[in-house]
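K.L.:
Pasting a structure here, questions to come.
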Amino acid sequence: MWTPLSDSDLQPHSRDLEGNFSLDGEDLDSVTDETLVTLLGFAPVLHRLGLTTVVRLSQHLVMKGGRSVLLCEEEMLNFVASKTGIRVPRVHRSFQVEDETEYFGSKGYTVMAFIPGQPLDKCWTDLPSDNQKQIAMQIADMIKEMQLRWSIQGRAELQGRFNHKIDISSGISPTSPDPTEAKPSPAAHKPSTSEGRPLHPSIQQARRRDQPFKMPSNKTFRTKQKLAKAQRQNRPIPQWIRLRTNNTIRYNAKRRHWRKSTLKV
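In structure tokens:
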């Protein structure tokens with residue numbers, strides 16, 4: 001259930017600059033992954049959304065853990081920190097624990113640096129309008145910086161990206177023939193549908209002639225369907241069905257007129 005953590009569930013000292021935390025004075029390299037997994041359920045909680053939890057490990061470290069925490073988050077944070085001036089937490093360790101009951105088959109854990117301060121969702125309404133505008137401008141500047149950093153610089157870069165995609169697609173094209181695949185003999189080939197039933201003779205004939213298949217008209221289909229149903233039930237053929245060699249004369253009793261249409265039966 002995706003519900004944010006209420007204020008009553010938060011530990012009041014989880015955001016203190018100084019306090020008695022589990023890993024204060026400990027070397028992170030000496031702490032095992034099993035210990036960190038255990039601390040996710042006992043350390044002071046900073047934030048929780050659904051099954052993802054952020055806890056305080058020490059004065060300078062926090063840990064994010066849960067089913068939706070992936071290794072790509074660590075790579076993205078490191079990439080943003082190295083390519084931009086945006087302030088993001090430094091990642092100290094990230095690992096996955098296999099769990100077949102989870103959607104992605106594992107649970108993720110990421111140990112990051114603690115950035116002191118209050119979250120905006122707790123103090124936004126109490127901030128003056130000038131501060132709100134300033135924060136909004138800072139966020140907009142971050143978005144612009146990322147857009148400019150990863151935007152296409154000129155025609156040469158655009159051409160290179162397209163050429164790269166073309167090279168990849170040409171290498172994995174499903175239409176390219178497989179030289180190791182044995183070609184079936186024409187005599188052993190039997191046209192059939194995906195369900196294993198033989199194709200209609202008109203479809204087979206069109207494929208043999210390399211001609212596009214043309215579906216019969218709805219009128220032809222309905223007439224043949226009514227005729228087959230009457231024959232299966234041993235009932236007399238309805239009067240509006242009159243079969244001849246290549247033509248069907250349909251009598252419409254309601255409109256009281258004869259209509260002749262070509263039907264290949």
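Counting in the UniProt record's numbering, the sequence shown runs from 1 upward without gaps.
Where is the CB? At the ideal position from N, CA and C, for every residue including glycine.
Remember, predicted model here, so these are calculated numbers, not experimental data.
#1: Check whether the Cβ atoms of V55 and L40 lie closer than 7 Å to each other.
#2: Measure the beta-carbon distance from V80 to V88 and round it to whole angstroms, keeping in mind my assumption that it falls under 8 Å.
#3: So is K254 buried or exposed if we call it buried at 16+ other beta carbons inside 10 Å?
#4: Just how far apart, CA to CA, sit G19 and N163?
#5: In the DSSP assignment, find the unbroken alpha helix (DSSP H) run with L49 in it and report its ends.
#6: At what residue ranges does the stretch 50-87 contain a whole run of the alpha helix (DSSP H), taking only runs of 4 or more?
#7: Look at the Cβ atom of T84, then the Cβ atom of S94, and state whether they are nearer than 7 Å.
#8: What are the start and end residues of the beta strand (DSSP E) that includes T32?
#9: Got a sec? Which residues, its chain only, sit under 6 Å from L77 by beta carbon, not counting five neighbours each side?
#10: Check whether the Cβ atoms of Q118 and S106 sit closer than 7 Å, and answer yes or no.
#11: Verify whether the separation of the beta carbon atoms of E34 and R67 is less than 7 Å.
#12: Within the continuous alpha helix (DSSP H) that includes Q96, where are the two ends?
#13: Any beta-carbon of chain D closer than 7 Å to the one on R235?
#14: Would you report the Cα separation of A228 and R222, rounded to the nearest angstrom?
#15: Which residue comes first and which comes last in the beta strand (DSSP E) that contains S129?
#16: Considering Y109, what are the terminal residues of the beta strand (DSSP E) in which it resides?
#17: Do H60 and F21 count as a contact pair if the criterion is CB distance below 7 Å?
#18: Within 10 Å of its beta-carbon, does L148 have 16 or more other beta-carbons around it, so buried, or fewer, so exposed?
#19: For N20, name the three-state secondary structure that DSSP assigns.
#20: Would S14 pass as a contact of L51 if the rule is Cβ separation under 7 Å?
#21: Helix, strand or coil: how does DSSP classify Q233 here?
#22: Going by CA-CA distance only, name the one from L120, E157 and P44 that's closest to P139.
#23: For E157, which three-state DSSP category applies?
#24: Return yes when the Cβ of M112 is within less than 7 Å of the Cβ of V31, no when it is not.
#25: Let me confirm a value: A136 is counted as buried when at least 16 other C-beta atoms fall within 10 Å, else exposed. Which label applies?
#26: For G25, count neighbouring Cβ atoms within 10 angstroms of its own Cβ and tell me buried if that reaches 16, exposed if not.
P.N.:
Looking at the coordinates:
#1: Walking along the sequence shown from the start, residue 55 turns up at place 55. Walking along the sequence shown from the start, residue 40 turns up at place 40. Cβ distance < 7 Å, so V55 and L40 count as in contact.
#2: To locate residue 80, count along the sequence shown from 1; it is residue 80. To locate residue 88, count along the sequence shown from 1; it is residue 88. V80 to V88, Cβ: 5 Å. Contact.
#3: Stepping through the sequence shown from its first residue, residue 254 is reached at position 254. Any answer about K254 is weak, because its pLDDT of 43 lies below 50 and its placement is not dependable; what the coordinates show is given next. K254 is exposed by the Cβ-count criterion.
#4: Position 19 of the sequence shown, counting from 1, holds the residue named residue 19. Position 163 of the sequence shown, counting from 1, holds the residue named residue 163. Each residue's Cα considered, the two are about 56 Å apart.
#5: On the sequence shown, position 49 is the one that residue 49 refers to. No alpha helix (DSSP H) contains L49, which is instead part of the beta strand (DSSP E) from V45 to L49.
#6: 71-83
#7: Walking along the sequence shown from the start, residue 84 turns up at place 84. Walking along the sequence shown from the start, residue 94 turns up at place 94. No, Cβ-Cβ distance for T84 and S94 is not below 7 Å.
#8: Position 32 of the sequence shown, counted from the first residue, corresponds to residue 32. From DSSP, T32 is part of no beta strand (DSSP E); its letter is neither H nor E.
#9: Stepping through the sequence shown from its first residue, residue 77 is reached at position 77. So the qualifying residues of the chain are V88 and V91.
#10: As a working note, residue 118 is residue 118 in the sequence shown. As a working note, residue 106 is residue 106 in the sequence shown. Their beta carbons are not under 7 Å apart, which means Q118 does not touch S106 by this criterion.
#11: Counting from one through the sequence shown, the residue named residue 34 turns up at place 34. Counting from one through the sequence shown, the residue named residue 67 turns up at place 67. Contact flag unset, no.
#12: For the purposes of this step, residue 96 is taken as the residue at position 96 of the sequence shown. From DSSP, Q96 is part of no alpha helix (DSSP H) but of the beta strand (DSSP E) over V91 to E98.
#13: The structure shown has no chain D; it contains just one protein chain.
#14: By one-based count along the sequence shown, residue 228 stands at place 228. By one-based count along the sequence shown, residue 222 stands at place 222. Computed Cα separation, rounded: 10 Å.
#15: In the sequence shown, residue 129 corresponds to position 129, counting from 1. Where S129 is concerned, there is no enclosing beta strand (DSSP E), although the alpha helix (DSSP H) it sits in stretches over S129 to R149.
#16: Locating residue 109 in the sequence shown gives position 109, where the first residue counts as 1. Here the beta strand (DSSP E) through Y109 covers S106 to A113.
#17: Against the sequence shown, residue 21 aligns to sequence position 21. Against the sequence shown, residue 60 aligns to sequence position 60. No, these two residues do not count as a Cβ contact at 7 Å.
#18: The sequence position of residue 148 within the sequence shown is 148, counting from 1. L148 comes out exposed.
#19: Position 20 of the sequence shown, counting from 1, holds the residue named residue 20. Coil at N20, not helix or strand.
#20: Locating residue 14 in the sequence shown gives position 14, where the first residue counts as 1. Locating residue 51 in the sequence shown gives position 51, where the first residue counts as 1. Going by C-beta atoms, S14 is not nearer than 7 Å to L51.
#21: Indexing the sequence shown from 1 puts residue 233 at position 233. In the structure shown, Q233 sits in coil (DSSP, three-state: anything other than H, G, I, E or B).
#22: Counting from one through the sequence shown, the residue named residue 139 turns up at place 139. Just to set this straight, residue 139 is Ile in the shown sequence, not Pro. For I139, the nearest C-alpha among the options comes from L120.
#23: Counted from its first residue, the sequence shown places residue 157 at position 157. Here E157 sits in helix by DSSP.
#24: Counted from its first residue, the sequence shown places residue 31 at position 31. Counted from its first residue, the sequence shown places residue 112 at position 112. Cβ distance not < 7 Å, so V31 and M112 don't count as in contact.
#25: The residue you call residue 136 lines up with position 136 of the sequence shown. The residue in question, A136, is exposed, as its Cβ has fewer than 16 Cβ neighbours within 10 Å.
#26: As a working mapping, residue 25 is identified with position 25 in the sequence shown. G25 comes out exposed.
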